[in-house]
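Residue numbers (this note's numbering): 11 to 81.
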(Lines of atoms letter the chains of each structure in order from A; the text may use other names.)
(Lines give C-alpha, C1' and ligand atoms only; values in the text may rest on other atoms or scores of the structure.)
Protein backbone atom coordinates (compact mmCIF):
# COMPACT_ATOMS: atom_id res chain seq x y z
CA UNK A 11 0.00 0.00 0.00
CA UNK A 12 1.24 3.46 -0.82
CA UNK A 13 1.68 5.57 2.27
CA UNK A 14 2.37 9.26 1.81
CA UNK A 15 5.44 10.35 3.73
CA UNK A 16 5.11 12.43 6.84
CA UNK A 17 7.66 13.02 9.56
CA UNK A 18 5.10 12.07 12.24
CA UNK A 19 4.17 8.80 10.52
CA UNK A 20 7.85 7.93 10.04
CA UNK A 21 8.51 8.46 13.76
CA UNK A 22 5.41 6.45 14.72
CA UNK A 23 6.42 3.53 12.50
CA UNK A 24 9.94 3.50 13.96
CA UNK A 25 8.56 3.62 17.52
CA UNK A 26 6.10 0.81 16.84
CA UNK A 27 8.81 -1.30 15.19
CA UNK A 28 11.10 -0.85 18.18
CA UNK A 29 8.35 -1.66 20.68
CA UNK A 30 6.90 -4.65 18.82
CA UNK A 31 10.23 -6.20 17.85
CA UNK A 32 12.01 -5.31 21.10
CA UNK A 33 14.63 -3.30 19.24
CA UNK A 34 16.57 -0.49 20.86
CA UNK A 35 15.75 3.06 19.83
CA UNK A 36 19.35 3.50 18.70
CA UNK A 37 18.67 1.14 15.79
CA UNK A 38 18.06 4.33 13.81
CA UNK A 39 21.82 4.90 13.99
CA UNK A 40 22.48 1.63 12.17
CA UNK A 41 24.45 2.35 8.99
CA UNK A 42 22.32 0.01 6.90
CA UNK A 43 19.05 1.46 8.19
CA UNK A 44 20.31 4.92 7.25
CA UNK A 45 21.27 3.64 3.80
CA UNK A 46 17.84 2.05 3.32
CA UNK A 47 15.99 5.24 4.28
CA UNK A 48 18.15 7.35 1.95
CA UNK A 49 17.70 4.85 -0.88
CA UNK A 50 13.90 4.90 -0.52
CA UNK A 51 13.52 8.63 0.14
CA UNK A 52 16.71 10.65 -0.33
CA UNK A 53 17.11 13.57 2.02
CA UNK A 54 14.89 12.11 4.74
CA UNK A 55 15.91 13.19 8.22
CA UNK A 56 16.20 10.25 10.60
CA UNK A 57 15.06 11.05 14.15
CA UNK A 58 17.48 10.85 17.07
CA UNK A 59 17.23 7.76 19.32
CA UNK A 60 16.10 9.94 22.25
CA UNK A 61 13.19 11.16 20.11
CA UNK A 62 12.20 7.56 19.39
CA UNK A 63 12.41 6.65 23.09
CA UNK A 64 10.17 9.58 23.95
CA UNK A 65 7.73 8.60 21.19
CA UNK A 66 7.52 5.03 22.56
CA UNK A 67 6.74 6.36 26.05
CA UNK A 68 4.12 8.75 24.66
CA UNK A 69 2.47 5.98 22.63
CA UNK A 70 2.39 3.76 25.71
CA UNK A 71 0.81 6.48 27.85
CA UNK A 72 -1.80 7.30 25.21
CA UNK A 73 -2.65 3.70 24.32
CA UNK A 74 -2.66 2.43 27.92
CA UNK A 75 -5.75 4.54 28.58
CA UNK A 76 -7.52 2.97 25.58
CA UNK A 77 -6.57 -0.54 26.69
CA UNK A 78 -7.71 0.17 30.26
CA UNK A 79 -11.05 1.51 29.00
CA UNK A 80 -11.50 -1.47 26.67
CA UNK A 81 -11.21 -4.00 29.49
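From the three backbone atoms N, C-alpha and C, an ideal C-beta is built for every residue, glycine too.
Status (buried if at least 16 other CB within 10 Å, exposed otherwise) for residue i
| i | result |
| --- | --- |
| residue 65 | buried |
| residue 23 | exposed |
| residue 75 | exposed |
| residue 77 | exposed |
| residue 35 | buried |
| residue 18 | exposed |
Beta-carbon separation (whole angstroms), residue i vs residue j, contact threshold 8 Å
| i | j | result |
| --- | --- | --- |
| residue 27 | residue 57 | Actually they are not in contact, since the Cβ atoms of residue 27 and residue 57 sit about 12 Å apart, beyond 8 Å. |
| residue 59 | residue 30 | Not quite, the Cβ-Cβ distance comes to about 17 Å (not below 8 Å), so this is no contact. |
_Tell me whether the stretch 46–53 and the stretch 63–80 touch, counting them as touching only if at least three CB pairs, one residue from each stretch, are closer than 8 Å._
no
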